[in-house]
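Novice:
Residue numbers (the numbering used here): 76 to 232.
(1) Taking the alpha helix (DSSP H) that residue 168 belongs to, which residues open and close that run?
(2) Can you confirm whether residue 113, when its beta carbon is compared against all beta carbons of chain B, has any partner nearer than 8 Å?
(3) Do you know how far the Cα of residue 102 is from the Cα of residue 153?
(4) Let me check understanding here. Comparing Cα to Cα, which of 96, 120 and 211 lies closest to residue 177?
(5) Residue 200 lies in the alpha helix (DSSP H); which residues open and close that run?
(6) Hey, residue 159 and residue 174 are a contact pair by Cβ (cut 8 Å); roughly how many whole angstroms apart?
(7) Give every residue of the same chain whose Cβ lies closer than 7 Å to the Cβ of residue 144, excluding the five residues on either side of it in the sequence, and list them in chain order.
(8) Between the C-alpha atoms of residue 131 and residue 216, what's the straight-line distance to the nearest angstrom?
(9) From this set, 133, 95, 164 and 167, which residue's C-alpha is nearest residue 155's C-alpha?
(10) For residue 105, which of 214, 171, 213 and 151 has the nearest alpha-carbon?
(11) Note down, one range per segment and in chain order, each alpha helix (DSSP H) of at least 4 residues found wholly within the region 110-174.
(12) Run the CB neighbour count on residue 161, radius 10 Å, all protein chains shown included, and call it buried at 16 or more, exposed below.
(13) Output the distance between the C-alpha atoms of residue 111 and residue 218, rounded to the nearest integer angstrom.
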């Protein structure tokens, strides 16, 4: 889901879509909570079982989570990527709360990788990512040219 304020006038920031504001506030809260990872893991496992996720995948994740990096788990073809992105796209607070410990770990690892690698690049480089949009979202994007554009999900390229 994308949202934007029309035009480049700072006064238009007051017209940001509520979903954008909710997603920013929620992200800040999720990243600040410092919970018990083992308790959070058990909560996520129970949630996944109710979602009919393969017991094999759930057990592998629970058993090996601390042996691998969050980026590894996010990019591994299993339930995490789809569950997280579906939760972010639909602002499913329950799913995102259950994934909170993982979101924090992933955020911290990406932040660390960025800090380590950003000094290696003397000039900016361009990256590309595709995103399907409804005609209405595309029109909103066109109308916000020169303004603020936000995505309430990870750019998982």
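Think of the CB as a built atom: it goes at the ideal place given N, C-alpha and C, for glycine as much as any other residue.
These numbers come from a predicted model, not from an experiment.
Specialist: Let me lay it out:
(1) Along the chain shown, one-based indexing puts residue 168 at 93. Residue 168 -> alpha helix (DSSP H) spans 168-173.
(2) The structure shown has no chain B; it contains just one protein chain.
(3) Here residue 153 refers to the residue found at position 78 of the chain shown. Here residue 102 refers to the residue found at position 27 of the chain shown. C-alpha separation (whole angstroms): 23 Å.
(4) Looking up residue 177 in the chain shown gives position 102. Selected option, being the one with the closest Cα: 120.
(5) Walking along the chain shown from the start, residue 200 turns up at place 125. That residue, residue 200, is in no alpha helix (DSSP H); it is neither H nor E in DSSP.
(6) For the purposes of this step, residue 159 is identified with residue 84 of the chain shown, where counting begins at 1. For the purposes of this step, residue 174 is identified with residue 99 of the chain shown, where counting begins at 1. Their Cβ separation, rounded to whole angstroms, is 6 Å, which keeps residue 159 and residue 174 in contact under 8 Å.
(7) As a position in the chain shown, residue 144 is number 69, starting the count at 1. 184, listed in sequence order.
(8) The residue given as residue 131 occupies position 56 in the chain shown. The residue given as residue 216 occupies position 141 in the chain shown. Their Cα atoms are separated by approximately 41 Å.
(9) For this step, residue 155 is matched to residue 80 along the chain shown. Selected option, being the one with the closest Cα: 133.
(10) Within the chain shown, the letter at position 30 stands for residue 105. Closest by alpha carbon: 171.
(11) 112-125, 130-139, 145-150, 154-165 and 168-173
(12) Indexing the chain shown from 1 puts residue 161 at position 86. Residue 161 should be labelled exposed.
(13) Taking the chain shown and counting its residues from 1, one reaches residue 111 at position 36. Taking the chain shown and counting its residues from 1, one reaches residue 218 at position 143. The straight-line gap from Cα to Cα measures roughly 44 Å.
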